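Here the sequence shown stands for residues -18 to -1, 1 to 457, numbered as in mature numbering (1 follows the signal peptide of the UniProt record, and there is no 0). Glycine residues also receive a C-beta, built at the ideal position from the N, C-alpha and C atoms. Remember, it's a predicted structure, so these values are computed and weren't measured experimentally.
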Amino acid sequence: MKIQISLLFAILFVHTKSQECDPALIQEIRNYRPVAELIIEEILHGASKGLCYEKLAEFVDSYQLRITGSQVLEDSIDYLLEQYQGERSVMDNTWKESVPNLPHWTRGEEEAFLIEPVHKSMSILAFGGSIATPLGEPLVAEAVVVTSFDELRSLDASQVSGKIVVYNQGYVSYSQSVNYRYKGASEAAKLGAIAALIESIGPFSINSPHTGVMTYAEGDTKIPAIAITQEDAEMLRRIYLTGERIVISVKSNSQTHQPITSHNLIADYNGTRYPDKVVVVSGHIDNWDVGQGAMDDAGGMMIGLIAVEVINSLGLRPKRTIRNILWTAEEQGLLGAEHYFNTQKNELDKFVFVMESDSGTFDPQGLTYTGDRRNGECIIKEILSLLGAINATRYQWTSGSVSTDITHFTDAGVPGAGLWDTDGQYFYFHHTEGDMMTVEDPNALDRAVALWAVASYIIADLTDDFPKPSPRTTN
Ligand SMILES: [Zn+2]
């Protein structure tokens, strides 16, 4: 028994030992406390206070509908390029990178009415990529209302053929429920449906349809795919269960045009000792053709821009380069980020760390991190411990993606972090007319800038490169 206990202790000791942080590294990060305090003071009480909100409002009010393929998106990219290259810019080198062969889809006129058994107008938004109703004219048909793919598949083709399928699938989580947006039309078309009206992907609604990208499966018949509101989806289901015949008129004349070229915008704040080593601080510049994309994702992008301005305003310059990247065509399937990754994947050694904020810029809580779980995890936790003044000390680790556009990098083993905020209301506004500056708060934005500035500066300034996971492990 005694032997067994000592063996157990030996095992525990070895295990604990393997998780221990390098004391010298911990001390190195603790030495950044005065710098972290300086950054926080500058943003909360200095000249940079409120700057992020001000610049974000100016940007989104000037360039509202930055959908891929629009002139507004390209103008907004050029506007920020000019800002980055202007006399007052703090960046050393800024360039646009062409991203070819991107989808160009435009929304046309759209409207929908419940015609039978009662008359009611319905708020709708066609999903990006959807085809129009035939000739862009109203399509009038009887509707079948289901709550799941399983229920749909339990129906006979004769019950669905020639009809409109309405989905009232409810909201579980974004990642699960979004499958109805992606695949709802194709699944309905398999049974001969002529259009799919899909409950918006969101946990809350004030009659608000949510758009977003959809796809047709290879070889499937294409039918229109259109978002309806949670309220209308539930109302239609209630009527359907009474057995009454439902007739809907829906019109959409959206169009898919020839593929276009857009641009990622890249701006470097050069490092002093290892300028070729890069810490990426990013967000996406495109949005949908509704609202202003203030939280998705102009806010996420803007905190990165302002973070570097603040670092510069304090006379700070890290050893490695901080690279702002404003991704294009995120909403079309992370296409700007995918293109950039493909151009860089043979030089991943120079990417020390990647960061993105794309879950809103509400009250920052801390960081979600993926990467090395020994010294890497220690570094992130120690950095967060310097952020008590802005209450952003929370840490969570994931083996999966920490943020949309940087997923290709983190999947390839580059450590990364996403902004963790109180995103409880993010999906209330996501891809709706409600994603306006009204959802943004100047104080929350300032704290997000402070978190971003402290984290990116320290990671870019460490004596040694941020540790990369040796083969990817989860222990
Ligand atoms: Zn986004």
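Just to check, is the beta-carbon of residue i closer than 7 Å to a non-hydrogen atom of ligand 1?
i: Asp278; result: yes
i: Thr310; result: no
i: Thr386; result: yes
i: His266; result: yes
i: Asp340; result: yes
Taking C-beta to C-beta, are residue i and residue j nearer than 8 Å?
i: Val232; j: Thr88; result: no
i: Gly353; j: Gly398; result: yes
i: Lys145; j: Ala108; result: no
i: Met284; j: Cys34; result: yes
i: Met337; j: Val396; result: no
i: Glu359; j: Tyr351; result: yes
i: Ile183; j: Ile106; result: no
i: Ser244; j: Glu56; result: yes
i: Ile304; j: Ala442; result: yes
i: Gly201; j: Arg163; result: no
i: Ile361; j: Leu7; result: yes
i: Pro241; j: Asn83; result: yes
i: Lys37; j: Ile288; result: yes
i: Asp331; j: Lys31; result: no
i: Ala170; j: Val147; result: yes
i: Phe391; j: Phe448; result: no
i: Val272; j: Glu422; result: no
i: Gly348; j: Asn235; result: no
i: Ala371; j: Pro346; result: no
i: Ala430; j: Ser341; result: no
i: Val260; j: Arg299; result: no
Among the options, which one has its Cα closest to the Cα of residue i?
i: Ser295; options: Gln9, Val17, Val81; result: Val17
i: Tyr149; options: Glu181, Pro120, Tyr156, Ile361; result: Glu181
i: Leu401; options: Ala426, Thr445, Ile210, Arg356; result: Ala426
i: Arg355; options: Thr380, Phe333, Ser155; result: Thr380
i: Leu366; options: Gln65, Pro257, Ile22, Met73; result: Ile22
i: Glu92; options: Glu10, Ala170, Leu179, Glu69; result: Leu179
i: Glu19; options: Leu173, Leu368, Asp393, Pro99; result: Leu368
i: Gln158; options: Tyr14, Ser136, Phe131, Met104; result: Phe131
i: Ala394; options: Ala430, Pro451, Asn373; result: Pro451
i: Asp214; options: His239, Met196, Phe186, Tyr198; result: Phe186
i: Lys172; options: His86, His412, Arg135; result: Arg135
i: Gly315; options: Ser58, Met196, Val42; result: Met196
i: Gln46; options: Val100, Gly275, Ser140, Leu121; result: Gly275
i: Val81; options: Ala374, Glu312, Met217, Thr445; result: Glu312
i: Gly166; options: Asn235, Ala199, Ile188; result: Ala199
i: Thr343; options: His412, Glu216, Asn357, Arg302; result: His412
i: Thr386; options: Ala432, Tyr61, Ala319, Asp74; result: Ala319
i: Gly217; options: Pro99, Trp434, Leu137, Tyr377; result: First, the amino acid is wrong: residue 217 is Met here, not Gly. When each option's Cα is compared against that of Met217, the closest is Pro99.
i: Glu119; options: Ile25, Gly253, Ser383, Ala177; result: Ala177
Quick check: does the Cβ of residue i come within less than 7 Å of any heavy atom belonging to ligand 3?
i: Gly406; result: As far as ligands go, the structure on display features ligand 1 and does not contain ligand 3.
Check: Counting pairs of beta carbons, one from the segment 240 to 254 and one from the segment 308 to 323, are three or more of them closer than 8 Å?
Finding: yes
Next item on the list: Taking 8 Å as the threshold, find out whether the segment 259 to 270 comes into contact with the segment 221 to 229 through three or more Cβ pairs.
Entry: no
Checklist line | Cβ contact check for the segment 320 to 327 and the segment 276 to 285: 3 or more pairs under 8 Å | finding: no
Check: For the segment 164 to 248, which segments carrying the beta strand (DSSP E) assignment without a break, of at least 3 residues, lie completely within its bounds, in sequence order?
Finding: 177 to 181, 207 to 210, 229 to 234
Check: Given 8 Å as the limit, is there contact between the segment 199 to 213 and the segment 104 to 124, that is, 3 or more CB pairs closer than that?
Finding: yes
Check: Taking contact to mean at least 3 C-beta pairs separated by less than 8 Å, is the segment 122 to 134 in contact with the segment 226 to 241?
Finding: yes
Margin query: My parser needs the beta strand (DSSP E) runs of 3 or more residues fully inside the segment 65 to 98; what are they?
Written below: 75 to 88, 92 to 98
Notebook entry, point to check: Is there contact between the segment 398 to 416 and the segment 41 to 61, where contact requires at least three CB pairs shorter than 8 Å?
Noted result: no
Check: Can you list, in chain order, the stretches of the beta strand (DSSP E) that have 3 or more residues and sit fully within the segment 108 to 145?
Finding: 121 to 128
Note to self: Extract the residue ranges of the alpha helix (DSSP H) inside the segment 278 to 353, only unbroken runs of 4 or more that lie entirely within it.
What the structure shows: 281 to 295, 317 to 326
Item checked: 3 or more residues per run - each beta strand (DSSP E) lying fully within the segment 388 to 451 -> 398 to 403
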